[in-house]
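Trainee: Below: one structure in structure tokens.
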Amino acid sequence: MNLILNSISKEYAGHQILNEISFSIGEGEVVGLIGENGSGKTTLLKIIAGLEQPDCGGVQFVPANATVGYVPQASEAFSDQLVCDFLIESLALGQDDEYKVGIALSEVGLGEKTNKKLSELSSGQRTKVYLARILVNKPDFLLLDEPTNHLDLEALEWLEKYLQEYDGSALVISHDRRFLDNLVDKVIELEDGKTKVYGGNYSFYREQKQIQKEAKARKYEEQQRFIKRIEKDIVEKKERIQKLEKSDRPTRDNDKFASTFLLNRASRKYTRAAQALETRLEKTNKIEKPKPDLSLSAIFKPKTECDKTVLYLKGLCKNMGGRNFSRILVCLSKMEKRWPCGDLTVQVRPR
């Protein structure tokens, strides 16, 4: 199953969000869609899902009867409908198929939430409900908008395993570098309304992006030096013209007419030269100044490095909204083992 986007454009209140975007996703590919917040990633997914219409351009699935599963951001999945009713009605299942819903909810860890309202669930639980809908519907193509934002570690591992074994194609928005590294075949970057495709996972994308950024910075500096030289030359020629226009120096034989003629000829020569330089400057394709890297790692640096344990936790247990806090800490520390309760030692060391 293939997805083909042809010159997709979308504008909101005079602001161009998407500008003639074209790319394709092949059968079995899992692709990461990345970009800054507000760059239009969610809008693009909604257009592909058929929830919004582009101003121009088209979306094509091959075959045309391919089914699409869409998981929105958790903040959008909000209603007072019961979980079981939401799944059954949205999938047009009959009453005899309710057991399929139950099995799917159990697989994503929501077996006890069947008769809960969506509005009573946490953001992560609402995301799981949409994942359960995918399990029941088994679509050919997946569109996942920030599915990792509110998932606990166990659910995140389940989703990663599911996508690794998934037979169809998928387009995933995520800020989770590890998640993208383990899953995607290529990365599509959305920036300034345009997309650029990079083969490989997220780490490969970052390497290529850095190489391109450094090359662009060098070209920008070279062009700025060129522009400054031209501008300096223009200023010098215009100053020369002004001096000539003020000059009344006579010729050897004190011929006033000859003196004026020679000064005018020299002035026209410098004027033409200055105009030619200005035209050359106007026709130069200006390279946009590279955006500064605002990474926090470049701002906060330790004064001294230490290999001692700086944090020790023991017997920590805390449940918040059904999520185990100890698991969150273990996830952050990148440890392989997890304990729901009991002794837990976390060592934080500088990179």
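Numbered according to the working numbering, the sequence shown spans residues 11 to 361. The beta carbon of each residue, even a glycine, is placed where N, CA and C say it ideally should be.
Report the residue from Q63, V69, A76 whose alpha carbon sits nearest the alpha carbon of E37.
Mentor: Residue numbering aside, residue 37 sits at position 27 when the sequence shown is read from its first letter. Checked all of Q63, V69, A76; the closest Cα to E37 is A76.
Trainee: When DSSP labels each residue in this structure, what does K132 get in the three-state scheme?
Mentor: Along the sequence shown, read from residue 1 onward, the residue named residue 132 stands at position 122. First, the amino acid is wrong: residue 132 is Ser here, not Lys. Of the three classes helix, strand and coil, the one that applies to S132 here is coil, per DSSP.
Trainee: Look at the alpha carbon of I10 and the alpha carbon of Q218, and state the distance between them as a whole number of angstroms.
Mentor: Because the chain in this structure spans residues 11 to 361, residue 10 falls outside the shown range and cannot be described.
Trainee: Tell me where the alpha helix (DSSP H) around S417 begins and ends.
Mentor: In this structure the chain extends from 11 to 361, so residue 417 is not present and cannot be described.
Trainee: Cα separation between K56 and I240?
Mentor: Indexing the sequence shown from 1 puts residue 56 at position 46. Indexing the sequence shown from 1 puts residue 240 at position 230. Looking at the two C-alpha atoms, the distance is approximately 48 angstroms.
Trainee: Can you check whether the CB of N12 is closer than 9 angstroms to the CB of V72?
Mentor: To locate residue 72, count along the sequence shown from 1; it is residue 62. To locate residue 12, count along the sequence shown from 1; it is residue 2. Contact flag set, yes.
Trainee: State the start and end residues of the unbroken alpha helix (DSSP H) segment that holds K51.
Mentor: On the sequence shown, residue 51 is found 41 positions in, with the first residue counted as 1. Element bounds for K51: 51–59.
Trainee: When you compare the CB positions of I27 and G50, do they come within less than 9 angstroms of one another, or not?
Mentor: The count along the sequence shown starts at 1 and reaches residue 27 at position 17. The count along the sequence shown starts at 1 and reaches residue 50 at position 40. A contact, by the Cβ cut-off of 9 angstroms.
Trainee: Buried or exposed, going by whether 16 or more other CB atoms sit within 10 Å of the CB of E156?
Mentor: The count along the sequence shown starts at 1 and reaches residue 156 at position 146. Buried, because 16 or more other Cβ atoms sit within 10 Å of the Cβ of E156.
Trainee: Taking Cβ positions, are T158 and D191 nearer each other than 9 angstroms?
Mentor: Locating residue 158 in the sequence shown gives position 148, counting from the first residue. Locating residue 191 in the sequence shown gives position 181, counting from the first residue. Not in contact: T158 and D191 (Cβ atoms no closer than 9 angstroms).
Trainee: I need the straight-line Cα distance from R216 to A59, nearest angstrom please.
Mentor: Along the sequence shown, one-based indexing puts residue 216 at 206. Along the sequence shown, one-based indexing puts residue 59 at 49. Answer to the nearest angstrom: the Cα atoms are 28 angstroms apart.
Trainee: To the nearest angstrom, how far is the alpha carbon of I14 from that of R235?
Mentor: Counted from its first residue, the sequence shown places residue 14 at position 4. Counted from its first residue, the sequence shown places residue 235 at position 225. If you take the alpha carbons of I14 and R235, they lie about 43 angstroms apart.
Trainee: Since L141 and L169 are thought to touch, with beta carbons under 8 angstroms apart, how far apart are those beta carbons, to the nearest angstrom?
Mentor: Here residue 141 is taken as the residue at index 131 of the sequence shown, counted from 1. Here residue 169 is taken as the residue at index 159 of the sequence shown, counted from 1. Going by Cβ atoms, the distance from L141 to L169 rounds to 7 angstroms, so yes, they are a contact pair.
Trainee: Is D195 closer than 9 angstroms to L78 when the C-beta atoms are compared?
Mentor: As a first step, residue 78 must be located in the sequence shown, where it is residue number 68. As a first step, residue 195 must be located in the sequence shown, where it is residue number 185. The question names Leu, but residue 78 is Val in the sequence shown. The answer is no: Cβ separation not under 9 angstroms.
Trainee: Kindly indicate which three-state DSSP category A227 falls into: helix, strand or coil?
Mentor: The count along the sequence shown starts at 1 and reaches residue 227 at position 217. It is helical.
Trainee: Below 8 angstroms on the Cβ atoms is my contact criterion, and I expect I244 with A284 to pass it. Report the Cβ-Cβ distance as a whole number of Å.
Mentor: Walking along the sequence shown from the start, residue 244 turns up at place 234. Walking along the sequence shown from the start, residue 284 turns up at place 274. With a Cβ gap of about 5 angstroms, I244 and A284 count as contacting.
Trainee: The beta strand (DSSP E) spanning L15 covers which residue range?
Mentor: Taking the first residue of the sequence shown as position 1, residue 15 is located at position 5. That run of the beta strand (DSSP E) goes 12–22.
Trainee: What is the DSSP secondary structure of D191, counted as helix, strand or coil?
Mentor: Position 181 of the sequence shown, counted from the start, is the residue given in the question as residue 191. Correct three-state label for D191: helix.
Trainee: Excluding five sequence neighbours on each side, which residues of the same chain lie with their C-beta closer than 8 angstroms to the C-beta of P300?
Mentor: Translated into the one-based positions of the sequence shown, residue 300 becomes position 290. Only K223, K226, A227, Y230 meet the Cβ criterion.
Trainee: Along the chain, where does the beta strand (DSSP E) containing K196 start, and where does it finish?
Mentor: For this step, residue 196 is matched to residue 186 along the sequence shown. 196–201 is the extent of the beta strand (DSSP E) around K196.
Trainee: What residues are listed by DSSP as bridge partners for R208?
Mentor: As a first step, residue 208 is located in the sequence shown; it is residue number 198 there, counting from the start. The sequence given here has Tyr at residue 208, not Arg. Beta-bridge pairing links Y208 to V197.
Trainee: For F310, is the classification buried or exposed, using 16 other Cβ atoms within 10 angstroms of its Cβ as the cut-off for buried?
Mentor: As a first step, residue 310 must be located in the sequence shown, where it is residue number 300. Because F310 carries a pLDDT of 49, less than 50, the predicted location of this residue cannot be relied on, and no value is offered for it.
Trainee: Along the alpha helix (DSSP H) that carries L120, what are the first and last residues, could you check?
Mentor: The residue you call residue 120 lines up with position 110 of the sequence shown. Where L120 is concerned, there is no enclosing alpha helix (DSSP H), given that its DSSP letter is neither H nor E.
Trainee: Can you say whether V207 is buried or exposed, counting buried as having 16 or more other CB atoms within 10 angstroms of its CB?
Mentor: Counting from 1 along the sequence shown, the entry for residue 207 is found at position 197. Exposed is the call here.
Trainee: Between which two residues does the alpha helix (DSSP H) holding Q91 run?
Mentor: Counting from 1 along the sequence shown, the entry for residue 91 is found at position 81. From DSSP, Q91 is part of no alpha helix (DSSP H); its letter is neither H nor E.
Trainee: Determine whether the beta carbon atoms of A165 and L173 lie at a separation below 9 angstroms.
Mentor: Here residue 165 is taken as the residue at index 155 of the sequence shown, counted from 1. Here residue 173 is taken as the residue at index 163 of the sequence shown, counted from 1. Taking 9 angstroms as the Cβ cut-off, A165 and L173 do not qualify as a contacting pair.
Trainee: Let me check understanding here. Comparing Cα to Cα, which of Q135, L193, Y176 lies closest to L161?
Mentor: Stepping through the sequence shown from its first residue, residue 161 is reached at position 151. L161 has its Cα closest to that of Q135, out of Q135, L193, Y176.
Trainee: What separation, rounded to the nearest whole angstrom, lies between the Cα atoms of I35 and V111?
Mentor: As a working note, residue 35 is residue 25 in the sequence shown. As a working note, residue 111 is residue 101 in the sequence shown. Looking at the two C-alpha atoms, the distance is approximately 30 angstroms.
Trainee: Pick out the complete alpha helix (DSSP H) segments inside the stretch 131–165, 4 residues or longer, and give them in chain order.
Mentor: Complete alpha helix (DSSP H) runs here, min 4: 133–147.
Trainee: Please look up how many angstroms separate the CB atoms of K127 and D90, rounded, as I've assumed it's under 8 angstroms.
Mentor: As a working note, residue 127 is residue 117 in the sequence shown. As a working note, residue 90 is residue 80 in the sequence shown. Between D90 and K127 the Cβ distance is about 5 angstroms, and since that is below 8 angstroms, they are a contact.
Trainee: Based on Cα-Cα distance, which residue from I31, L43, D65, K293 lies nearest to A23?
Mentor: As a first step, residue 23 is located in the sequence shown; it is residue number 13 there, counting from the start. When each option's Cα is compared against that of A23, the closest is D65.
Trainee: List the whole-angstrom C-beta distance separating L154 from I183, where the pair is believed to meet the contact cut-off of C-beta under 8 angstroms.
Mentor: Reading the sequence shown from its first residue, position 144 is the one you call residue 154. Reading the sequence shown from its first residue, position 173 is the one you call residue 183. 7 angstroms between Cβ atoms; contact.
Trainee: So, for N29: in the same chain, excluding its five sequence neighbours on each side, which residues have a beta-carbon less than 7 angstroms away from its beta-carbon?
Mentor: Indexing the sequence shown from 1 puts residue 29 at position 19. Closer than 7 angstroms at Cβ, skipping near neighbours: S19, G203, K204.
Trainee: Can you give me the C-alpha to C-alpha distance between S17 and G42, rounded to a whole angstrom?
Mentor: Translated into positions along the sequence shown, residue 17 becomes position 7. Translated into positions along the sequence shown, residue 42 becomes position 32. Going by the C-alpha atoms only, they are around 19 angstroms apart.
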